[in-house]
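All remarks here apply to the structure that follows.
In our numbering, the protein residues as written are 8 to 340.
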């Protein structure tokens, strides 16, 4: 596979010198509002946007020096994007946060007042969209979602900017924290990774959760006491998921603790999986929301300089096992 010179240059801008992506994800919107709502004891809709913007800016200033890039969005993140370290690249999210529960099958939507070109004009060096994917979706819904991804891929190709596709497995009517879903998750993820690796979609990097739910892996520190997979079975699932794609892929933290995410990355390394990095969000800064709500900006800054930086360093230590996306996109001779 080959990347255009423009895409290669921009992908290098969000990677470290090894060609590994160690990115800080703080493009959360509805999820961040929920965290603020819980800590502030107010309705989500009453959380001031200025508080979200300030929080993102403080986090980016403190942690971007330890990240190869930052993932933000244009709704609350434009000021924060300008605060990042000069060594840190910029990915921008293009989808509307979450999904409309009134619309079946979690159909994705793009930000109405933005385009890939406008995001690039705002400084984006890569574009990310999130897609909910279920094997239980009717064929016509699966087809609509595929067309949607094709459109974004074509838009990114037209602007010569890398396209990151985030895949979030789900099944209608199933609790995603349940043992039942943990059994279904690997097959859903592998199906999506295989499908969207096809050239027609124009995806350059896949962004995925690990193929197992660590709470149901025997011996995991995140274990709930209910086991779905032995450690050996979990390692095989890591290998099987990696084998279905020819695209570089990175892991997202999916809201788990920093400890659980690092444990998952160690399992990926033990399985011999060639992942090209991480986009790590709440595992890095989630606890800082309560610190900010209770103590303000100075308290958050102090927490980030200590625990936040420690979280980043532990992730970066795990990234020593990552392999460059150059393996998938070798430079022309």
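Where a beta carbon is used, it is the ideal one built from N, C-alpha and C, also for glycine.
172 is the residue among 172, 221, 272, 79 whose C-alpha sits nearest the C-alpha of residue 200. Scanning its chain for C-beta atoms nearer than 8 Å, with the 5 sequence neighbours on each side dropped, one finds around residue 246 the residues 278, 279, 280, in chain order.
Beta bridge pairing from DSSP links residue 163 with no other residue. For residue 120, the three-state secondary structure derived from DSSP is coil. Sequence-distant partners of residue 117 (beyond 5 residues in either direction) whose C-beta falls short of 8 Å from its own C-beta, in its chain, are 101, 102, 103, 136, 159. The beta carbons of residue 126 and residue 81 sit closer together than 8 Å.
Distance check between residue 8 and each of 211, 189, 39, 36 places 211 closest, using alpha-carbon atoms only. Under the criterion of beta carbons closer than 8 Å, residue 169 and residue 51 do not qualify as touching, at roughly 32 Å. Residue state for residue 286 is assigned as strand, using DSSP reduced to three classes. In this structure the region 290-297 does not touch the region 221-234; the number of beta carbon pairs closer than 8 Å is below three.
Beta-carbon to beta-carbon, residue 215 and residue 244 are separated by about 12 Å, too far to satisfy the 8 Å threshold.
Taking a contact to require three or more Cβ pairs closer than 8 Å, the region 21-37 and the region 71-91 qualify as touching. Counting along the chain, residue 173 sits inside the beta strand (DSSP E) bounded by residues 170-176. Taking all protein chains in view, the Cβ of residue 110 is surrounded by fewer than 16 other Cβ atoms within 10 Å, so the residue is classified as exposed.
At least 8 Å separates the beta-carbon of residue 148 from that of residue 203.
A Cβ-Cβ separation of about 10 Å leaves residue 91 out of contact with residue 66 under the 8 Å criterion.
In this structure residue 99 is not in contact with residue 69, their Cβ atoms being roughly 20 Å apart against a cut-off of 8 Å. Straight-line spacing of the CA atoms in residue 178 and residue 142 works out to 7 Å. The C-beta of residue 327 has fewer than 16 other C-beta atoms within 10 Å across all chains shown, which makes the residue exposed. Taken atom to atom, the span from the alpha-carbon of residue 225 to that of residue 190 is near 14 Å.
Excluding its 5 nearest sequence neighbours in each direction, residue 332 has C-beta neighbours in its own chain below 6 Å: 26, 255, 283, listed in chain order.
Under the three-state reduction of DSSP output, residue 147 falls in the helix class. Burial of residue 209 is indicated by the presence of at least 16 other C-beta atoms within 10 angstroms of its C-beta. In terms of Cα proximity to residue 321, the closest of 339, 301, 238, 271 is 271. Where residue 133 is concerned, the enclosing beta strand (DSSP E) starts and stops at 133-140.
Distances from the alpha-carbon of residue 330 to those of 338, 276, 152 put 276 closest. Shown here for residue 18: same chain residues with a beta carbon closer than 6 Å to its own, the five before and five after excluded, namely 169 in chain order.
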